[in-house]
Structures are given as structure tokens and as C-alpha cells.
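Peer 1: The structure that follows is given in the form of C-alpha cells.
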Amino acid sequence: FMVSKHTASGLFLHFRSPRTRSTYNHQRLLSSSVPKKAIGSSSSCESNNAGDRLFEEEINIIYDSKCNVCKMEIDFLRKRDTKLALEHKSRRKLKFTDLEGETGEYNPLDQANGGISYKQGMASMHAVAADGKVMTGVPVFRVAYQQVGLGWLFSITKLPLVKQLADVCYNFFAKYRTIVTRGKSLGSLVQIYEEKKELDQRKSEQSCEDGTCFTENKR
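Put into C-alpha cells, the structure is as follows:
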């Protein structure tokens, strides 16, 4: 006659010592108590990702507010993002950070800014995703417009030939953008920025020497 696998294992266990049977039963109890969902669980990955977000929006767009062309596009995206958030009673998808301080002093060391320096940000459009991924150029516009329900406008730029052409056109514009929109070269703007930072630092240090600054140590 045929003996099933479970019957055979039961007979084997019956003739083993009480100590062995106890150990075997204990191991079965432990294995059955482990939640199957914990192994390869997608929900645990999602919760970890949610905890690792740098900000609540989907992407942080780093822009130059003193560039009229850039400012016009940013204002459009901000307005549409706000409108959709109100209509759907949801959070906004876009975060905006100005290189020139309109949204507060720019800090490249802030993780939300992805380590993008003032020079890099001025050289081409940059954005940082909530998971820390940095993008630059045409992909920034593609993702931004997708977040406000207008992804179809840039979907064609995913095609190889169109993507190549779009990149060439954008890089050409970015190369001369500051000259056209601000009347100064990238190099001169970076120099002005660095000189201003140095001057602000000196003023701060001078104020501390005069006893007019307020530091954590004096609290």
C-alpha cells in the first residue's frame, strides 16, 4: 500500500524520542507563526519609501526667478498645481526653490536641493524627486507637466529622434539663456553671487564681533 508524506513523517515522529518530538513541534510552531507577508512584502517597501521622502511634493523644481521666461513657466505650473490640489482636495505635487532667494536663501547643501550648486542651477533647469533622484534639462519639464496632468505635451520627447532634437535645442537655449534673459553671462552671475555670499558672511562675522549677533551659545 502507499503511505502519504504526512503519514510517513507522523510515524517517524512517533517512534522518535520525546525530546526530539518536542523540538520538532517547537520548530513547526515557530514557522507557522511567521507572517508570510513579511517575506518579500511590497507593503513594507512602500512604507519605507514613504519614510525616505525628502519632501511631501513629488518634485522640487530649482529655478531662476529673475529670468522672465523661466518665471512665466513656473508661475503657470504653480497656478495649475494649486488649482488641481484644490479641485481634488489633495496635496500639491510641485515644490519650487528659487536660486535667487525669492523662496528663501538658496542652500545647495539642503538634501531637497540635491546638492545642486548655484552655477549648476543657472546653467540648466534642475529638479529633485522626492526620493532624491536629480534630473536636468528636458526631463524636468516632462515630469513637471506630467504631475499637473499635461504630460501629453512632452510625451513625444520620449521618442529617440525627437528626444535628441529636444535636448539639442534646450542645451542651445540654456547656453545663452542668461545673456538673453538677464543681460549677463553665466560666469558674471556666478561671480556676483559668490561676492554677495562673501559680503554677507563678512557682515555676519562683523556683527558677531560687535556683540549684536544672536547665537545658540548665548541662549
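Counting from 1, position 152 in the sequence shown corresponds to residue 152 in my numbering; the numbering is continuous, with no gaps.
Each residue gets a CB set at the ideal place from its N, CA and C atoms; glycine is no exception.
In this text, all values refer to a predicted model and were calculated from it rather than measured experimentally.
#1: Which residue wins for smallest C-alpha separation from Gln111, given the options Gly101, Ala127, Glu100 and Met122?
#2: Is Ala130 near Glu198, with beta carbons less than 8 Å apart?
#3: Which partner residues does Thr136 have in the DSSP bridge list?
#4: Considering only the beta carbon of each residue, do Val138 and Asp167 sit closer than 8 Å?
#5: State the Cα-Cα distance for the pair Glu119 and Gly149, rounded to the nearest angstrom.
#6: DSSP state of Ile116, grouped into three classes?
#7: Nearest by alpha-carbon distance to Val69: which of Glu195, Arg53 and Ile179 is it?
#8: So, for Ser42: in the same chain, excluding its five sequence neighbours on each side, which residues have a beta-carbon less than 7 Å away from its beta-carbon?
#9: Just list the residues that DSSP pairs Asp98 with in beta bridges.
#10: Under three-state DSSP, which class holds Arg202?
#11: By the three-class DSSP mapping on this structure, what secondary structure does Arg92 have?
Peer 2: With the given structure in hand:
#1: For the purposes of this step, residue 111 is identified with residue 111 of the sequence shown, where counting begins at 1. Ranking the options by Cα distance to Gln111, first place goes to Ala127.
#2: Counted from its first residue, the sequence shown places residue 130 at position 130. Counted from its first residue, the sequence shown places residue 198 at position 198. Not a contact, by the Cβ cut-off of 8 Å.
#3: Taking the first residue of the sequence shown as 1, we reach residue 136 at position 136. DSSP lists His126 as the beta-bridge partner residues of Thr136.
#4: Counting from 1 along the sequence shown, the entry for residue 138 is found at position 138. Counting from 1 along the sequence shown, the entry for residue 167 is found at position 167. Taking the C-beta atoms as reference points, Asp167 is found nearer than 8 Å to Val138.
#5: Against the sequence shown, residue 119 aligns to sequence position 119. Against the sequence shown, residue 149 aligns to sequence position 149. With the sequence shown as reference, residue 119 is identified as Lys, and Glu is not the correct amino acid for it. A direct Cα-to-Cα measurement between Lys119 and Gly149 gives close to 31 Å.
#6: Working through the sequence shown from its first residue, we reach residue 116 at position 116. In the structure shown, Ile116 sits in coil (DSSP, three-state: anything other than H, G, I, E or B).
#7: Here residue 69 refers to the residue found at position 69 of the sequence shown. Measuring from the Cα of Val69, the nearest candidate turns out to be Ile179.
#8: Taking the sequence shown and counting its residues from 1, one reaches residue 42 at position 42. For Ser42, the predicted model reports a pLDDT of 32, less than 50, meaning its position is unreliable and no value from the coordinates is stated.
#9: Locating residue 98 in the sequence shown gives position 98, where the first residue counts as 1. Under DSSP, the beta-bridge partners assigned to Asp98 are Tyr63.
#10: What you label residue 202 is simply residue 202 of the sequence shown in a count that begins at 1. DSSP places Arg202 in helix when its eight states are reduced to three.
#11: Within the sequence shown, the letter at position 92 stands for residue 92. Under the three-state reduction of DSSP, Arg92 is assigned to coil, being neither helix nor strand.
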